[in-house]
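J.:
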Amino acid sequence: MDVFLSAARVFAAQVRDLPADLSGPGLGEWDLRALVGHTSRSLVTVLTYLPREVDEVAVESAAAYFALLAASGATTAPDVAARGVAAGEALGADPAAFVDDLLARVTTALGAVTGDPVITTAAGGMRLSDYLPTRTFELVVHGLDIAAATGSSWTPSPDALSSAVALAGETAVLTGAGVDLIRLATGRSSTAISVV
């Protein structure tokens with residue numbers, strides 16, 4: 008929980024530093040507004056899923072979550088792009104205030120959690136402790152995308168970066184890309200791979 012909130016705070020600070028005009032290029036077909044909106048969904052989904060407790064765990068880990076979504080094609084589905092655009096529009100006239108409000112709400116909601124509830128997610132029931140690292144990962148990856156799009160020197164918090172790197176490794180092993188990731192990370196390959 009602490010690592011996710013750390014990542015969320017750093018993302019909120021990043022949004023406060025963005026230019027007023029978010030119409031420039033973001034990532035792929037997204038402009039910067041859509042990219043920021045998509046990234047903010049890492050907080051929105053926690054707020055949405057948290058009250059929706061279920062009885063059974065369907066997805067046992069954060070790595071299994073990403074492996075399942077990748078295998079189903081859900082990570083590249085056209086509706087992901089459309090949700091990003093809609094989320095960008097939802098940021099309104101003051102994206103920083105919108106994200107700050109999300110941060111305050113998610114901090115309060117997580118502060119009221121007891122135990123490790125099983126919550127609804129896009130992939131099925133998951134323990135909150137397994138779902139939050141997927142949101143931390145998204146905040147790190149897309150925070151870096153935002154930094155690249157704006158030419159800023161933003162970096163994620165060390166604990167969030169460590170969590171994201173570990174999750175990328177676990178997912179790579181689970182999806183059969185572990186050897187490729189090690190070769191890439193150690194400079195023994197220049198071929199890009201995708202683990203999520």
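Positions 8 to 203 (this note's numbering) are the ones given, in order, by the sequence shown. Using N, Cα and C, we set each Cβ at its ideal position, and we do this for glycine too.
#1: What did DSSP end up calling residue 36 once you bin it into helix, strand or coil?
#2: Given a cut-off of 7 Å on the beta-carbon distance, is the pair residue 147 and residue 171 in contact?
#3: Helix, strand or coil: which one does DSSP assign to residue 60?
#4: Are the region 8 to 21 and the region 127 to 142 touching by the rule of at least three beta carbon pairs closer than 8 Å?
#5: For residue 93 and residue 49, what's the separation of their Cα atoms in angstroms?
#6: Alpha carbons only, please: which of 62, 57, 200 is nearest the one belonging to residue 120?
#7: Between residue 104 and residue 13, what straight-line distance do the alpha-carbon atoms span, to the nearest angstrom?
#8: Do residue 19 and residue 151 have their C-beta atoms closer together than 7 Å?
#9: Is the region 117 to 132 close to the region 65 to 83, with three or more CB pairs under 8 Å?
#10: Jot down the residue ranges of each uninterrupted alpha helix (DSSP H) in the region 86 to 132, minimum 4 residues, whole runs only, in chain order.
T.: The short version:
#1: Walking along the sequence shown from the start, residue 36 turns up at place 29. In this structure, residue 36 counts as coil in the three-state DSSP scheme.
#2: The count along the sequence shown starts at 1 and reaches residue 147 at position 140. The count along the sequence shown starts at 1 and reaches residue 171 at position 164. Yes.
#3: Locating residue 60 in the sequence shown gives position 53, counting from the first residue. Strand at residue 60.
#4: yes
#5: The count along the sequence shown starts at 1 and reaches residue 93 at position 86. The count along the sequence shown starts at 1 and reaches residue 49 at position 42. Between residue 93 and residue 49, the C-alpha separation is close to 14 Å.
#6: Looking up residue 120 in the sequence shown gives position 113. Closest option to residue 120, Cα to Cα, is 57.
#7: Taking the first residue of the sequence shown as 1, we reach residue 104 at position 97. Taking the first residue of the sequence shown as 1, we reach residue 13 at position 6. Their Cα atoms are separated by approximately 18 Å.
#8: In the sequence shown, the residue the question calls residue 19 occupies position 12. In the sequence shown, the residue the question calls residue 151 occupies position 144. Taking 7 Å as the Cβ cut-off, residue 19 and residue 151 do not qualify as a contacting pair.
#9: Contact between the region 117 to 132 and the region 65 to 83 is present, because at least three Cβ pairs lie under 8 Å.
#10: 102 to 118
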